[in-house]
Amino acid sequence: MKRRASRRLVVPFAAAVLAALILGSGPMASVDAQESYQRISGEGSSWSANAIDAMRVNVRQFGITVDFNPSGSSAGRKNYLNGTVDFAASDIPFQFEPEDGSPPESPAPDSYVYIPVTAGGTAFMYNLNINGQRVTNLRLSGENISKIFTGVIKQWNDPAIVADNPGLVMPARAIVPVVRSDGSGASAQFTLWMIARHKGIWDAYCQSSGRAPKCGSTSFYPTPPGGIAQGGDLGVAGYVSQGFAEGAIGYVNYSYALGVQFPVAKVLNAGGFYTEPTPENVAVSLLEAKINNDESNPATYLTQDLSGVYSNGDPRNYELSSYSYFILPTKVGGQFTEAKGRTLGRFSYYAMCEAQQQSASLGYSPLPVNLVSASLEQIAKIPGAEVENINIQACNNPTFSADGTNVLARDAPRPAECDKQGAAQCATGTGGLQDVQTATAPPAAGSGGATAPGGAAAPGGGAASGGGAASGGGAATGGGAATGGGAASGGGAATGGGAATGGGAATGGGAATGGATTGGATTDGAATGGATTDGTGALTGEEACDPDTGICGPAAQVSGGGAVAAVAQLGAVIPTTLDQNAGWGSKQTLMVIVILFTLGLVFIPAYAWRQMAVVSGASLPSPASQPVAQDRVSV
Amino acid sequence: MSRRRVVRNWVVSPLAIMLASLAIVGSASGADDLAGSQGTDTSLPATESQVTVGGRGSFESLRITVNQTRNLTNQAVSITWAGGQPTIQGPGRFAGNFLQIFQCWGDDDGSVPGNPGPPPEQCVQGASNGTYNGVSGAAFPAGNATSRVISQSGWANFDATDGNFDARTGLLWRPFRSVGGSVVNEQVDPNFNPVLPGGNYWLNSFFNIITTNEVPGAATSADGTGAELFQLETGVQSSGLGCGQRTQTVNGQRQIPKCWIVVVPRGTPTVENTGTPLLDRADNFGVSTSPLAEAPWANRISIPIEFNPVDSPCRLGVTERRIAGNELAAPAVASWQPALCTGGSLPPFSYAPTGDGQARGFISNPTAGSPGMAIVQRPIDPAAVRPNNPVVYAPLTVSGLTIGFNVERIPRSPASPESQALEGVRVAEINLTPRLVAKLLTQSYGRQLEIFSPPNYDWLEANPAQLVNDPDFVQFNPEFAQLSIFEGRSFSGLQLPTANSDAAEQLWKWVLADPEAAAFLAGTPDEFDMKVNPAYNTTAAGNTTGNAFGNPAPNSFPKADPYCFQSEPLASTTPPPLCGTDWMPYARSFDETASRARRAFDGARIALNVFAQSPSTAWGRSTPQVLGRRAMLSLTDTSSASTYGLQTARLSRSGDNGPDRTFIAPDSRGLSAGLAAMAPGKVPGVLEPVAGLVSRDAYPLTTLTYAAIAPLALDAQARSEYAAFLEYSTAAGQVVGNRLGQLPPGYVPLNAELVAQAAAAAQTVRNLQPVAPAAPPAAVPESAAPVVPPVTETPQTPAPAPAPAPASTPSQSSTPARSTAGSTQSSATATVPAAVDAAVPVDAEVAVVETDDALVESEEVVAEARRKVTATPSESVGPIRVAVPVLGVMALASALMALELTKRPRRSLKLDDPLQEGP
């Protein structure tokens, strides 16, 4: 069949030649000369690198070449000051007086401006399995995150984490906190947040790490015991995603978790909800960011004060939301010229406007109008920038609306009820595994078992049943409240049974899971709270069953109430309610059957029709019939 | 027409420049050109514009050939030479007799009548060592040989009028003059001190150590020949040169400047260092004068080059139409983007490379801000596609995954004279089997784990340190028995991207389908007693984690071994441990893996700084590998390999385990056959690769991407613009070439059948009509649905609240593509009435709510119907209430499937063809 073979080669060739003829000397032949741009280069933040990379790739079609080296915010600022790059990307401003003892940075006054370039969340990407199934719905309170990254909490089945996750049977596995080894704005933001929210935990860790008294925020995170340090967000995400890294949790920009398809922890906010840094949530959160509006001081103008974000009580708030910045030159010098300023002005304008359209699909959040507007004025200060081309009317930013509100924040959905602090836990996945549910053991009813239908009542139902359970140990949890976990006011409000508030998160939740054991569990829960506050790891690691191996040994000899807590968890292994919002019920089974049936009907007629076509030798041969593939394999 | 004739046509056609870098002569002729060697010809194939120019004076015998001098863009060209003196190996490796190569702009300065060329001020040179404190590794010629300092005050050859004298330093500089007229007098600030605020060391805004394309030293082997790849830059990359852009002002008119490749041949130090104090110490320093100084420049050899225009017609500040997805399509999209802007009727298209899984989600489950079109390899799981929102697939690009390499020969001593003669010359061919690739991907060679000191693994004892020590590799690459490798770290594993991709999954499937590789991965030692790293063992029992690796095939490249190296404490601090991801760091993309291999530099932070004050500064970046001793392997795509001029490995097929294996190159022939070897997958009209012995010509890692789009979720303008994108990119955009708008080298064009399928898909994207909401479900008996006009003409009547959908439309009511399909098909579809959004409750209310935002622009009625559906409480969906709408949805879906099929009659024909082609 050589002839046929040759025809198959000729056809595309002929088509190609024809196309070339039709096009004349090519599509570009008639193009008028357009402006050309001088190549520019930048360096810095790996946290925002996915967004910046998308920008620089897309401006190529306008003839603009931008090089960007995501070597970390600290390196970016350093090399900007050394003049080896034209602009820097940094999550934090220049460090005139570093709080961690590193040498001060001293840019010449009035030689630079800041513009926020993208918003996003510092996410806690983790690698955890239960019974061989990947966990995708982990929840953590801020306190627990702080304790994890300071080595206080060392085991995934620590009662404090168990309390965050009433629907999960946390495994007896060591936590491996993964931090940044390079100078990183993400580390600085993370420590800033910790100092604002959980200062005692950070201070204690900093003291023990030998840094004291330089215990302010730091770009150089001290590696916790049992932890590991990796370079750049890419390194952290790369490490956490490895099979051997089960038990690892690291902080990276949300976009990296999307890229490697890993989940991120939902973090408890001041509103009592566990949230993840979706673009919408980040937009909501940053409504409370205080932007320095003192234009007279370029060293701080447009920089962020995130304390309002940390304590924002909006249920959608994600506390570790922040902006990342470009540092742009306002003076020529070294290798930076007006010609480069023209390119940089254009690129920055693109970054503020059109590029924000793709932020959300990459895992970032588009900038709001007030910041874009202020940034455009800053961009105009770049020497060589074409001021006439920098106007907000033409700026196509997805957050803009006619009335000036941030559309993204306005339309952000409320978290589901099962994300509320309390007994229920959503099964839905997070981060790069949104579609992967994690089987949750629904919160068992209270000891009486009478309130089972409460779970079925869908929204709020979970909370209600939790309340039921809690009622037993209500008094006990009061003790938990003493730990100061009491911040979880939301939980309290929700359940109505003030019980659940106290140990809040921690202990009250524990009570809810342990359906069978009532008062005992909660009492121990209270004890747990106290214990973890003291930072003693006494209660960790003692599990009656290892959920990974499935091997159940004799109940471990445990100090304190840990054993009881573990028993309480065992109760949770057995799903007791089927007709539950997050569970599996007859309705769900029916749906699956229906879907399968539907698929069958989708494919069978089409398949049959194709078969008919093949058999009849019709003019429409099958594109997909199995025999075709087999024949070809035998060639 | 005979096949031979066809092949010849192919070669002489413009398409021959495709896969330029992959021009392994043997792969085209079927025979090795040099028996027993891995090939020495790493040059790119000759083109019609190949030029050879001779030297002068003491370099009279030198003949320099550039394989392509016209229709150029930002690309690698091949510079080869003969008749040179063998490079002198000195304490500095390039002590003498080497070439220096630059790109320059400007008119002939008249200095050499026989060989017109530009003045030395107008060449990009002198940045290869351009950082404060210098950077080591790649730049081997010494001293001013890598600089623009042409003399110093007090030297015998000093003439202050010859350049720009900097009195502060006493240095005489050759200034750089840009095409725009700016002049850079001195490239560095001598007073710069990094400790003091302000100031800049590097002062040249036009090029620096990162952006320069100069070749500071190229070696000539013992037989007087040499070869080098030179990365040409247009004005877009190098604005000081402005090549291909209207950047030169002549008499008030802007014109495209003349551009040149200039080769400065350097002789022995005793000649080249004349007039300098270094002459006496030539043995120590080698040639250390600037090539731009008067004497060396007198020997320069100029070759004029012509670029295609590169000025972009796209204007900033216009709302873009967004696309996202598979990285393998990115180079092609980048080329199409400016062409699509031409004429101004279309907006710019933006392209964000993302993982395929994420890209599928943009289409199957769009949220606010999702791009309307995704590029993927595998289709969306049909179960995730809502029947009322079908997905259209258009084939888009054909390229391949490839293992690109940059390996320079180091003869193993004692070396034969033949072997010595090839020292430093790049290896042209490497053959790899699935098992060898499996070894490279599984950290099974010692040097992947010997992070300064090896882990204490029993299984590792019998394993080779790196590829060159593995008899399994040498049996297919016999020349490597004569070679050694300087840095085994980068020759025992691959440079890999971090992200998840369908391409990664395809690669793993190819490996796992091979019996030899599968046995190795399952823990059976190979015949040379090499064992797989148990962290990758594909049996649960053999795997250190207790979980079997590779089931299902991974869609990324894990570095699964947990070993980390802990250094001894330093004086002031303890360095953090180094792990596998530090030792072989991930890259962000296939583009970056290719660029790493080209530069032989992966930036691993593994250089210990013994003076470090804190753990975070203890590990610094390694330096680029030494010129002439480079060895690096990268997993990349054929287009990126071509862009960076990498050699690419030939691969054998899964199951081809006999003694006489076929190794197939990722060239146009291999990729075309690889495309023909693909088979339909579970979604009709979407081909997927077949791992197995399909055809002796088929390159096993051929990749085919599809544009996926759900037209009904988009407004008419979006549909029309995406359709225009498809119409351009799958027709005119499939012509291989270097012009903007063409298909870049490294791809092969879609075949005629796929082009036809793409055209039909574009039509569908433009014209597909939504199926109207059906009559109340109870009133939908099979084959008796009432015909109503398409949705766009339906008055917006509110539907009855709990029972969702009001009408139905037989599917043949809409597209032209469908009406051409003939009676067979219409009878098939006519019996299946299309229906209904009604069953939407089945796919869960959450999903519908999420899509609402994205659908705001789509047909109002559809949106309205959805909202109604959403309002239906899911609790009310009892068995009976489900059954009725389900019937509707089944009918609708079936109709749509049939419709999908009938839209691609011509594409089906193609599948007929290979069937006819017997062995």
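Chains A and B, in that order, give the protein sequences. When the first sequence is numbered by our numbering, its final residue is 1579 and no position is left out of the sequence of numbers. When the second sequence is numbered by our numbering, its final residue is 909 and no position is left out of the sequence of numbers. Heads up, the beta-carbon is just placed ideally off N, CA and C, and yes, glycines get one too.
Taking 9 angstroms as the CB-CB cut-off, is residue i touching chain A?
{"i": "TYR191(B)", "result": "yes"}
{"i": "SER340(B)", "result": "yes"}
{"i": "TRP609(B)", "result": "yes"}
{"i": "ALA512(B)", "result": "no"}
{"i": "ALA655(B)", "result": "no"}
{"i": "GLU310(B)", "result": "yes"}
{"i": "ALA235(B)", "result": "Residue identity differs from the one stated: residue 235(B) is Gln in this sequence, not Ala. Cβ-Cβ to chain A under 9 angstroms: yes for GLN235(B)."}
{"i": "ASP179(B)", "result": "yes"}
Whole angstroms are fine: how far does the CA of residue j sit from the CA of residue i?
{"i": "PRO35(B)", "j": "LEU691(B)", "result": "23 angstroms"}
{"i": "PHE92(B)", "j": "LYS1325(A)", "result": "36 angstroms"}
{"i": "VAL254(B)", "j": "ASP1011(A)", "result": "29 angstroms"}
{"i": "PRO614(B)", "j": "ARG588(B)", "result": "10 angstroms"}
{"i": "ILE699(B)", "j": "TYR718(B)", "result": "16 angstroms"}
{"i": "GLY1176(A)", "j": "LYS672(B)", "result": "39 angstroms"}
{"i": "TRP287(B)", "j": "PRO281(B)", "result": "6 angstroms"}
{"i": "PHE919(A)", "j": "VAL680(B)", "result": "Coverage of chain A is limited to positions 945 through 1579, which leaves residue 919(A) absent and any answer about it impossible."}
{"i": "ASN175(B)", "j": "THR638(B)", "result": "42 angstroms"}
{"i": "TRP1137(A)", "j": "PHE466(B)", "result": "57 angstroms"}
{"i": "ILE1119(A)", "j": "THR1066(A)", "result": "19 angstroms"}
{"i": "ALA428(B)", "j": "PRO110(B)", "result": "50 angstroms"}
At what residues does the beta strand (DSSP E) containing residue i begin and finish?
{"i": "PRO321(B)", "result": "No beta strand (DSSP E) holds PRO321(B); the alpha helix (DSSP H) holding it covers 320 to 331."}
{"i": "PHE919(B)", "result": "As displayed, chain B neither begins before -9 nor continues past 909, which places residue 919(B) out of reach and without an answer."}
{"i": "THR693(B)", "result": "692 to 699"}
{"i": "ALA342(B)", "result": "339 to 343"}
{"i": "SER1266(A)", "result": "1265 to 1273"}
{"i": "ARG611(B)", "result": "609 to 611"}
When you compare the CB of residue i with every CB in chain B, is at least one pair closer than 9 angstroms?
{"i": "CYS1297(A)", "result": "yes"}
{"i": "GLN1205(A)", "result": "yes"}
{"i": "THR1326(A)", "result": "The sequence as given places Ile at residue 1326(A); Thr does not occur at that position. So no, ILE1326(A) is outside the interface."}
{"i": "GLU1220(A)", "result": "no"}
{"i": "LEU1610(A)", "result": "Here chain A comprises residues numbered 945 to 1579, so residue 1610(A) is not present and cannot be evaluated."}
{"i": "GLY1278(A)", "result": "yes"}
{"i": "THR1374(A)", "result": "no"}
{"i": "ASN1340(A)", "result": "yes"}
{"i": "PHE1270(A)", "result": "no"}
Ends of the alpha helix (DSSP H) at residue i?
{"i": "LYS1143(A)", "result": "1143 to 1152"}
{"i": "ASN1213(A)", "result": "Premise fails: ASN1213(A) is in no alpha helix (DSSP H) and is neither H nor E."}
{"i": "TYR191(B)", "result": "Counting along the chain, TYR191(B) falls outside any alpha helix (DSSP H), and DSSP gives it neither H nor E."}
Are there three or more Cβ pairs, one per stretch, closer than 8 angstroms when the stretch 509 to 519 of chain B is compared with the stretch 478 to 498 of chain B?
No: fewer than three Cβ pairs fall under 8 angstroms.
Do the stretch 62 to 70 of chain B and the stretch 214 to 227 of chain B touch if we need at least three Cβ pairs shorter than 8 angstroms?
With a cut-off of 8 angstroms, the stretch 214 to 227 of chain B and the stretch 62 to 70 of chain B count as touching, because enough Cβ pairs lie within range.
Restricting to runs no shorter than 3 residues, where is the beta strand (DSSP E) found entirely within the stretch 473 to 520 of chain B?
Secondary structure remark: continuous beta strand (DSSP E) runs of at least 3 residues inside the stretch 473 to 520 of chain B: none found.
Quick check: the stretch 152 to 161 of chain B against the stretch 304 to 320 of chain B, are there 3 or more CB pairs under 8 angstroms?
Between the stretch 152 to 161 of chain B and the stretch 304 to 320 of chain B, the count of C-beta pairs closer than 8 angstroms stays below three; the two stretches do not touch.
Mind the definition here: the stretch 1141 to 1157 of chain A touches the stretch 1031 to 1040 of chain A only if three or more C-beta pairs lie below 8 angstroms; say whether that holds.
Cβ pair count under 8 angstroms is below three, so no.
Could you give the uninterrupted runs of the alpha helix (DSSP H) lying entirely in the stretch 990 to 1042 of chain A, keeping only those of 4 residues or more?
The stretch 990 to 1042 of chain A contains, as complete alpha helix (DSSP H) runs of 4+ residues, the segments 993 to 1002 and 1017 to 1025 (chain order).
Mind listing, in chain order, the continuous beta strand (DSSP E) runs of no fewer than 3 residues lying wholly within the stretch 205 to 270 of chain B?
Every beta strand (DSSP E) of 3 residues or more that sits fully in the stretch 205 to 270 of chain B is shown, in chain order, as 205 to 209, 216 to 221, 238 to 240, 243 to 245 and 249 to 255.
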